[in-house]
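Undergrad: Here's a structure for you.
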Amino acid sequence: MHAKTTAKSSEELFHLIALSGQGDRAAFQALYDATSAKLFGLSLRILNRRDLAEEALQDAFINIWHHAQNYRPEKAAVMTWMTTIVRNKCFDLLRAMPNETQLMDEESMDDWASDDLGPLEKATEQSESKALLNCMDGLAPLQRQAIALSYFHGMAHEQLASHLAQPLGTVKTWIRRGLQSLKSCLQGVSA
Numbered sequence: 000m001h002a003k004t005t006a007k008s009s010e011e012l013f014h015l016i017a018l019s020g021q022g023d024r025a026a027f028q029a030l031y032d033a034t035s036a037k038l039f040g041l042s043l044r045i046l047n048r049r050d051l052a053e054e055a056l057q058d059a060f061i062n063i064w065h066h067a068q069n070y071r072p073e074k075a076a077v078m079t080w081m082t083t084i085v086r087n088k089c090f091d092l093l094r095a096m097p098n099e100t101q102l103m104d105e106e107s108m109d110d111w112a113s114d115d116l117g118p119l120e121k122a123t124e125q126s127e128s129k130a131l132l133n134c135m136d137g138l139a140p141l142q143r144q145a146i147a148l149s150y151f152h153g154m155a156h157e158q159l160a161s162h163l164a165q166p167l168g169t170v171k172t173w174i175r176r177g178l179q180s181l182k183s184c185l186q187g188v189s190a
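Residue numbers (numbering that gives the first Met the number 0): 0 to 190.
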């Protein structure tokens with residue numbers, strides 16, 4: 000069973016955001032379909048609560064709809080622009096929480112969220128991303144899909160089992176063994 004692929008090229012996302020900026024609801028729906036899973040995963044990682052992650056994502060997409068005409072490709076890629084909006088909505092929710100329930104203090108949150116990477120950090124990050132992609136390519140297709148859906152799109156193991164039409168134990172084993180393989184592969188790259 001193949002997962003529905005929602006990955007779009009930067010050009011396609013640019014086209015969809017441009018049409019959305021002109022009020023095209025179908026283009027906005029296509030933009031949502033193409034990006035919401037990844038953005039929800041980000042939101043869930045920041046907030047660590049599904050209800051808050053859904054709220055942040057909804058608020059972010061409302062913001063994206065209202066400001067799509069203001070998107071400037073010379074400033075950032077579409078996905079980067081949208082990721083920033085989602086991240087900021089998450090931080091707004093965290094700031095609005097009572098102090099005793101905040102997950103991080105504001106200074107730590109700002110440090111963690113900073114995009115100000117120097118050239119060395121950017122090069123290292125790109126190198127690490129390439130190494131991870133190369134190691135992911137070495138996994139069995141279903142194993143790679145299970146890990147990607149779990150870690151990059153925020154799917155729970157139970158959701159994965161249902162989505163992949165496999166027993167829960169099988170999915171957990173694929174992920175555990177896949178992570179072990181990735182760890183070995185990445186250690187080999189850094190050695």
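Note that beta-carbon positions come from the ideal geometry of N, C-alpha and C, so glycine has one too.
For my contact list, residue 92 and residue 43 are in at a C-beta cut-off of 8 Å; report their separation, rounded to the angstrom.
TA: The Cβ separation is near 12 Å, so there is no contact.
Undergrad: Below 6 Å CB to CB, which residues in the same chain sit around residue 88 once its five sequence neighbours on both sides are set aside?
TA: Same-chain partners within the cutoff: 55, 58, 59.
Undergrad: Could you give the distance in angstroms between the alpha-carbon of residue 197 and the alpha-carbon of residue 187?
TA: Summary: the structure shown does not reach residue 197, with the chain confined to residues 0 through 190, and so no result is reported for it.
Undergrad: If you check the beta carbons only, do residue 94 and residue 41 fall under 9 Å apart?
TA: Contact flag unset, no.
Undergrad: Cα-Cα, which of 158, 33, 22 is closest to residue 69?
TA: Ranking 158, 33, 22 by Cα distance to residue 69 puts 22 first.
Undergrad: May I ask which residues mark the beginning and end of the alpha helix (DSSP H) holding residue 13?
TA: 9 to 20 is the extent of the alpha helix (DSSP H) around residue 13.
Undergrad: With residue 71 as the anchor, note down where its alpha helix (DSSP H) starts and where it stops.
TA: No alpha helix (DSSP H) contains residue 71, which DSSP labels as neither H nor E.
Undergrad: Can you tell me where the alpha helix (DSSP H) holding residue 158 begins and where it ends?
TA: Where residue 158 is concerned, the enclosing alpha helix (DSSP H) stretches over 156 to 163.
Undergrad: Alpha carbon to alpha carbon, what distance is there between residue 183 and residue 64?
TA: Computed Cα separation, rounded: 43 Å.
Undergrad: Helix, strand or coil for residue 166, going by three-state DSSP, please let me know.
TA: DSSP places residue 166 in coil when its eight states are reduced to three.
Undergrad: Spatial neighbours of residue 52 within its chain, please: C-beta separation below 7 Å, excluding the five flanking residues on both sides.
TA: 39, 42, 43, 46.
Undergrad: So residue 162 packs on residue 148, CB below 8 Å; how close in whole Å?
TA: Rounded, the Cβ-Cβ distance is 7 Å, consistent with contact.
Undergrad: Using the C-alpha atoms, what's the distance from residue 129 back to residue 160?
TA: Distance between the alpha carbons of residue 160 and residue 129: 28 Å.
Undergrad: Beta carbon of residue 12, beta carbon of residue 78: below 9 Å?
TA: Yes, they are a contact pair.
Undergrad: Quick one: measure Cβ to Cβ for residue 146 and residue 178, integer angstroms, because I've assumed they're closer than 8 Å.
TA: Confirmed, about 7 Å.
Undergrad: Using C-beta distances below 6 Å, list every residue in its chain close to residue 181, excluding the 5 sequence neighbours before and after it, in chain order.
TA: Once the five neighbours on either side are set aside, the close Cβ partners of residue 181 are 134.
Undergrad: Rounded to whole angstroms, what's the CA-CA distance from residue 73 to residue 173? Just pull it up for me.
TA: Using only the alpha carbons, I get a separation of about 41 Å.
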